[in-house]
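Numbering (this note's numbering), first residue to last: 153 to 265. Where is the CB? At the ideal position from N, CA and C, for every residue including glycine.
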């Protein structure tokens, strides 16, 4: 089982799928003949979180343009997710939990948004 993430980059719809993948908007790169997402790409963060939530180890990242289709396999990165989860935990404790505790201690209703 794998996560499948499809992208149709509108600004690159007339480009070759490989060119679209390598664009700054997608954040792909080619290393030793293999395509991969840069860890700084917003899509890298997205697919890593999807794999974490679904307990999967691989993602097929698909770029579709009018000139072709490119599928790049993205592996789950345990170290990357551990670092992200640590940041999320710190944010939750310092921002969200603190606010919720303050509201509950003052008998204020927690707002639904």
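Secondary structure of residue 246 (DSSP, three-state): helix. Between residue 213 and residue 228, the CB-CB gap reaches or exceeds 8 Å. Cβ neighbours of residue 206 within its own chain (closer than 7 Å, five residues either side excluded): 155. Each of 258, 181, 173, 259 was checked against the Cα of residue 215, and the nearest Cα belongs to 173. In the DSSP assignment, residue 196 falls within the unbroken alpha helix (DSSP H) covering 194-206.
By the C-beta density criterion, residue 200 is buried, having at least 16 other C-beta atoms within 10 angstroms.
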